[in-house]
Amino acid sequence: MSGAAVSGAPDEEAVRLTAVDAPEMLHLAERTRPGPFLPRAFELGTYLGIRRGGRLVAMAGERPHPPGWTEISAVCTDAAFRGQGMASRLVLAVAAGIRARGEIPFLHAAASNTDAIRLYESLGFSLRRTTSFNALRVPENEVISASRTRL
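One point on numbering: in UniProt numbering, the residue at position 132 of the sequence shown is 132, and numbering is uninterrupted.
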């Protein structure tokens with residue numbers, strides 16, 4: 001979804017997340033399943049979060065991008081805190097940083113995630129194109145080996 005019409009807005013409650021926050025970020029991503037999220041994802045760009053009672057309850061961040069564009073990713077909110085506008089605020093705060101660099105924000109949403117799509121459309125994002133995505137996961141503790149045969 002393209003955010004060409006999204007200007008963004010900073011959020012006073014949003015804090016920048018760093019390596020210190022990585023365990024909490026991973027735990028939040030495991031509970032909410034925003035999509036692929038790896039232990040060092042915070043190194044890919046700016047990640048912002050909102051805390052309640054000292055606990056990370058919502059986050060959104062950036063991923064690698066083509067020139068002139070930046071993907072907003074890992075948008076997620078703990079189930080106990082949904083419906084309070086945190087995802088909207090974080091998406092707009094991340095978008096504000098992207099716009100400040102002169103880039104256009106974009107994001108992906110599964111077609112089945114109609115709640116997220118409605119949220120993103122309400123913020124000014126629009127469908128740019130439909131694409132397919134396949135993810136392959138290696139089960140934990142599995143060893144993958146490959147051999148080559150010379151002919």
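Where a beta carbon is used, it is the ideal one built from N, C-alpha and C, also for glycine.
- Nearest neighbour of residue 105 by Cα position, chosen from 9, 34, 12, 95, turns out to be 95.
- Taken in chain order, the complete alpha helix (DSSP H) segments of 4 or more residues contained in the segment 44 to 115 are 86 to 100.
- By the criterion of a C-beta distance shorter than 8 Å, residue 128 is surrounded in its chain by 1, 2, 106, once the five residues flanking it on both sides are discounted.
- Between the C-alpha atoms of residue 68 and residue 44 there is a straight-line separation of about 16 Å.
- Taking one beta carbon from each stretch, the segment 113 to 123 and the segment 15 to 23 have fewer than 3 pairs nearer than 8 Å; the two do not touch.
- Sequence-distant Cβ neighbours of residue 86 in its own chain, meaning closer than 8 Å and more than five residues away, are 50, 57, 58, 77.
- If you ignore the 5 residues before and after residue 92, its C-beta comes within less than 6 Å of the C-beta of 8, 9, all in its own chain and listed in chain order.
- A Cβ-Cβ distance of about 7 Å is found for the pair residue 126 and residue 5, placing them in contact under the 8 Å criterion.
- For the 8 Å CB-CB criterion, residue 46 and residue 62 form a contact.
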